[in-house]
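Remarks on the structure that follows.
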Amino acid sequence: MGDTKTADTGEITGTMDKDYNLLWYTETCLEHALRLETYCKDAERAGDTELVELFKKAQADSRKGAQIGMRMLADRLAGMAPPASSATTESASGQK
């Protein structure tokens, strides 16, 4: 049987793979930052400072990745805004 997985070009979901991937990446970075907080606390309770340092560094890296992803998402979403309709533009300027 052939590969049933197909790349979505946006025709099915309305979202291109690259855009979905950026959303997934950002969400995953945030999830990792939360999960690593638990790992840090576990290592602290065990008195393992080496692991605490590792997990805190990984958590900082995950936060940084999430911040970059969120900034990119915001920029891309701002660029996707539909142009103002002429009715909206006329109303805003007080002209008909």
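Numbers given in this note's numbering equal positions in the sequence shown, counted from 1, plus 186.
Beta carbons: idealized from backbone N, C-alpha and C, even for Gly.
Buried/exposed call for residue i, threshold 16 Cβ in 10 Å
i, result
"residue 265", "exposed"
"residue 232", "exposed"
Residue i vs residue j beta-carbon contact at 8 Å
i, j, result
"residue 256", "residue 212", "yes"
"residue 222", "residue 253", "no"
"residue 262", "residue 203", "no"
Same chain only: Cβ atoms within 7 Å of residue i, ignoring 5 sequence neighbours per side
i, result
"residue 242", "226"
Neighbourhood of residue i by C-beta distance below 6 Å, restricted to the same chain and skipping five residues each side
i, result
"residue 200", "none"
"residue 251", "215"
"residue 224", "none"
"residue 249", "219"
Beta-carbon separation (whole angstroms), residue i vs residue j, contact threshold 8 Å
i, j, result
"residue 229", "residue 237", "4 Å"
"residue 209", "residue 240", "Not quite, the Cβ-Cβ distance comes to about 28 Å (not below 8 Å), so this is no contact."
Within-8 Å CB hit, residue i to chain D
i, result
"residue 266", "Checking the listed chains, one finds no chain D in this structure; it contains a single protein chain."
Residues near residue i in its chain [Cβ-Cβ closer than 8 Å; skip 5 each side]
i, result
"residue 198", "none"
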